[in-house]
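Here the structure comes first, spelled out in structure tokens, and everything after it is commentary.
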Amino acid sequence: MAEPLKKKKRIDPAVLRAREERKKKKIEKQIRRLEKNSRQLKPIDELEIPPAVFDTLKQRAREPTVISHEEMEERALLLKEWSLYKMKERMNDVQLLDKMIISQQKAMDELRLESEELYQEALAMDLNVMPFTIKGPVHTPPIVNYDSPDGDYTNITKDWFQPLFVKQ
Amino acid sequence: MQSSVLRRTLLGIIKKPSPALCCSRRNNTNYTIGGLWEPEYLEAMKSKVPLYDTLNIQMKGYDYPLLESYQKFVHTIASNMDIDVEECWATPPQNFKINTFKPNSTVVDKEFKLSMYERNVQIVDMPTTLYPILLSALSASVPEGVTVTVHEHDPEHEEVRYIPDLELKDLKDQLTLLGGPRVEKKKRKK
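Residue numbers (full-length UniProt numbering), protein chains in the order written: chain B, 1 to 168; chain H, 1 to 190.
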């Protein structure tokens, strides 16, 4: 037999609010606890040792090869020549940059003498150049009248937002 | 960064001190930049040219040893030009699976797996005049297959590097459902 329907007890709104406050406090405490542990950086694939290699490290270890005295001397001299060449190359680069900066400074000084307004305009940030993209050259030029095949590009990067295992 | 901008606007105000203070302490200077007691070299040290706040030079390419040596090169070029390089980092690569189909059908002919690697160099406080010079240095030296993008730093770029904490996200969502964080009353210290 069905009982007569009970009257819904009126809960005091202050009590309700107190309950909500307590829940919020608990959640906030948990948030603070999680935030204290510093976040982890995503692992970078090309810088990680693949686990297969890591397991066989001992097997892969080799004795260092013995190099004759003449060979070592030759290598040392070669290294010296190479480092001299690279140093000259670097000095050239640095001098070129310095020349550019100095001539720019001279031009700016002259401009300032000419007109203050144009000088200020020249100093201002140029928004055309703000997000700037430079594409490097390619190994081979594009083939003329190339009939490219149909295909698909799919991004299969690991999506960190999807949990690996769904909690039951 | 914010404080330097604020300081610049504050110190730009040239104040004239009252005669009583002027005569007793300073050498009869009528103008003091900033405050009466601020040393003058502070004003001299500030840059005369507007500065870019934080810029990211992002390098992307399919060949990562080349990328790494290019990143090293960019770093040395920037430090030679007396630009503050604050940080350099690598972002995990984007992996692509590329299928080619046989002509006039959807039968997969060849499959390739390629990764687009990324390196970043962060530059702070760069004068506007040096920016085009840096750009021309970069575009003259960019190696094959590398795409370089120079843009302003976004907090998103920082977020991409970290593993998102799902529990934290869940808790924060729960909190917003309940109606936002509590407003705490400041307790008075006795």
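Quick reminder that beta carbons are idealized off the backbone N, C-alpha and C, glycines included.
When Cβ pairs closer than 8 Å are counted between the two stretches, the region 110-118 of chain H is seen to touch the region 58-70 of chain H, the count reaching three or more. Per DSSP, I102(B) is one residue of the alpha helix (DSSP H) stretching across 69-114. Counting every other CB atom within 10 Å of its CB across the protein chains shown gives M59(H) a total of 16 or more, marking it as buried. DSSP places K97(H) inside the beta strand (DSSP E), whose first and last residues are 84-101. Taking C-alpha positions only, V142(H) is separated from K88(B) by approximately 20 Å. Per DSSP, the beta bridge partners of R119(H) are M59(H), A90(H). The shortest C-alpha to C-alpha distance from I134(B) to any of T129(H), Y131(H), I133(H), A140(H) is the one to A140(H). Cβ neighbours of D84(H) within its own chain (closer than 8 Å, five residues either side excluded): I123, V124, D125, M126.
Cα atoms of Q94(H) and R39(B): separation of roughly 21 Å, rounded to the nearest angstrom. The beta carbon of I44(B) falls within 8 Å of a beta carbon belonging to chain H, placing the residue at that interface.
By the rule that beta-carbons nearer than 8 Å mark a contact, H151(H) touches chain B. The three-state reading of DSSP puts F73(H) in helix, counting H, G and I together. Counting other Cβ atoms within 10 Å of its Cβ, L51(H) reaches 16 or more and is therefore classed as buried.
A Cβ of chain H is located within less than 8 Å of the beta carbon of W160(B). Inter-residue distance for M130(B) and A90(H) is about 22 Å (C-alpha atoms, whole angstroms). For A78(H), no chain B residue has a C-beta closer than 9 Å to its own C-beta; the minimum C-beta separation is roughly 10 Å. Taking a Cβ-Cβ threshold of 8 Å, the residues of chain H close to P131(B) are T149, V150, H151, E152, in chain order. Residue pairing by DSSP places N155(B) opposite F96(H) in a beta bridge. DSSP, reduced to helix, strand and coil, places E21(B) within a helical segment of the structure shown. Taking 8 Å as the upper bound for CB-CB distance, I133(H) and L97(B) are in contact here, some 7 Å apart.
Interface flag for Q122(H) against chain B is unset, since no Cβ pair is found closer than 8 Å.
DSSP links E111(H) through a beta bridge to N99(H). In the DSSP assignment, T54(H) is bridged to V124(H). Taking 8 Å as the CB threshold, I31(B) lines the interface with chain H. Around K172(H), the beta-carbon contacts reaching into chain B at under 8 Å are I31. The criterion of a C-beta distance shorter than 8 Å is satisfied by A122(B) and L111(B).
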